[in-house]
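**Q** The opening position of the sequence shown corresponds to residue 414 in my numbering, with each subsequent residue numbered one higher.
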Amino acid sequence: MNVTYENNWEYMDIHVDLPVPYEENYQLRMLNHNNIAGLLKVKGSGRDGQSRYTYRTNGGITMKKAFEGKEMRKEDVIRFTESLIEAVDDVREHLLNPDSLLLSPELIFLERGKFRFCYLPVSTGEMRQSLCSSFHTMTEYFVKNLDYQDTAGIFFVYKMHKETLKENYELKKIIEECRTEENEWKAAQRTKRREEQQKRRKEQPVSREKRMIDTQSSLPENAVFSIDTEDEEEEKIYHRQSDTEMVREDTGKYGTFKKAVNRIKTGRWGNWEDLITEMDGHGAKGHL
Numbered sequence: 414m415n416v417t418y419e420n421n422w423e424y425m426d427i428h429v430d431l432p433v434p435y436e437e438n439y440q441l442r443m444l445n446h447n448n449i450a451g452l453l454k455v456k457g458s459g460r461d462g463q464s465r466y467t468y469r470t471n472g473g474i475t476m477k478k479a480f481e482g483k484e485m486r487k488e489d490v491i492r493f494t495e496s497l498i499e500a501v502d503d504v505r506e507h508l509l510n511p512d513s514l515l516l517s518p519e520l521i522f523l524e525r526g527k528f529r530f531c532y533l534p535v536s537t538g539e540m541r542q543s544l545c546s547s548f549h550t551m552t553e554y555f556v557k558n559l560d561y562q563d564t565a566g567i568f569f570v571y572k573m574h575k576e577t578l579k580e581n582y583e584l585k586k587i588i589e590e591c592r593t594e595e596n597e598w599k600a601a602q603r604t605k606r607r608e609e610q611q612k613r614r615k616e617q618p619v620s621r622e623k624r625m626i627d628t629q630s631s632l633p634e635n636a637v638f639s640i641d642t643e644d645e646e647e648e649k650i651y652h653r654q655s656d657t658e659m660v661r662e663d664t665g666k667y668g669t670f671k672k673a674v675n676r677i678k679t680g681r682w683g684n685w686e687d688l689i690t691e692m693d694g695h696g697a698k699g700h701l
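Encoded structure:
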């Protein structure tokens, strides 16, 4: 099988030449008369005892070229396998053989975030490889091009590579098993992180600010104000003049009650501009 690329102004064609006589069989007619999702359109021709099959890419790029400058991640591998499963299902619905899908990075195209495949409509068994065998070869390609810092991707690809060594396997089942094991691993990691956070939280000392916030949050909702500790320490000084007992406060010390009133009026607990108290109109040294 010889593969060549023909670049044109608006598209690129891929030519697959085979050393077998061209045959217009039911596979080619099925491909030409149906729009099968996941497959590139193909045309066949023959000359000098050989056959040529031409595929149009419609702006897509080969998988090999797409990952030449960057490493593959688990999401790329999953996207590829899901695209392949969809293509296989559509091929079988049209009574075509999935073994004729050409699984090679040079013949798989990435177009608008989805992978598209080439189907080789030949009846000669020597010209094609079984789907199970060709997919296992693709897992080797994944191993070589995978980002080795992607732990989940390494686990996923290794699982697929190992399972596809078997003679008969189900790709859907392998993917489901990989996802189940990965979800269990992620759940265990989340539980471990939560336990470590709880442990660190218990070991951290409670700050003074946090204690003050906790104390304030414990006050009842209907409380208008609370008496601060420093207010409790400020006591009125009583002075006795002649036979009349008069209460007088030292300059600069207003007392607990007046501080509370001032807080109410200045908006600490709301707007109380209309509140009139017995303190209004008196100076710091005035008599009550």
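Backbone N, C-alpha and C define an ideal beta-carbon position, used for all residues, glycine too.
(1) Does the separation of the CB atoms of PRO534 and LEU441 fall below 8 Å?
(2) By Cβ distance below 7 Å, which residues in the same chain neighbour LYS585 in space, the five residues on each side in sequence not counted?
(3) How many Å lie between MET425 and PHE528 at the Cα?
(4) Is the separation between the beta-carbon of ILE588 and that of THR494 shorter than 8 Å?
(5) In whole angstroms, what is the alpha-carbon distance linking LEU444 and ALA600?
(6) Counting only runs that start and end within the region 480-554, where is the alpha helix (DSSP H) found for 4 or more residues in a row?
(7) Put LYS557 into one of helix, strand or coil per three-state DSSP.
(8) Which residues mark the beginning and the end of the alpha helix (DSSP H) in which TYR571 is found?
(9) Could you pull the start and end residues of the beta strand (DSSP E) that MET425 belongs to?
(10) Could you check if ILE521 is buried or exposed, using at least 16 other CB atoms within 10 Å of its CB as the buried criterion?
(11) Pick from LEU508, LYS579, GLU519: whose alpha carbon is nearest that of CYS545?
(12) Return the Cβ separation of ARG465 and SER458 in integer angstroms, given the expectation that the two are a contact with Cβ distance under 8 Å.
(13) If you reduce the DSSP assignment to three classes, tell me which class LEU584 lands in.
**A** Let me lay it out:
(1) Cβ distance < 8 Å, so PRO534 and LEU441 count as in contact.
(2) The answer, listed in chain order, is ILE498.
(3) Near 16 Å, if we compare the C-alpha coordinates of PHE528 and MET425.
(4) The answer is yes: Cβ separation under 8 Å.
(5) Near 45 Å, if we compare the C-alpha coordinates of ALA600 and LEU444.
(6) Segments of the alpha helix (DSSP H) lying fully in the region 480-554: 487-506.
(7) Three-state DSSP puts LYS557 in a helix.
(8) Annotation: the continuous alpha helix (DSSP H) that includes TYR571 extends over 564-576.
(9) Per DSSP, MET425 is one residue of the beta strand (DSSP E) stretching across 425-431.
(10) Counting Cβ neighbours within 10 Å, ILE521 comes out buried, since at least 16 surround it.
(11) Nearest of LEU508, LYS579, GLU519 to CYS545, Cα basis: LYS579.
(12) Indeed they touch by this definition, with Cβ atoms about 5 Å apart.
(13) DSSP places LEU584 in helix when its eight states are reduced to three.
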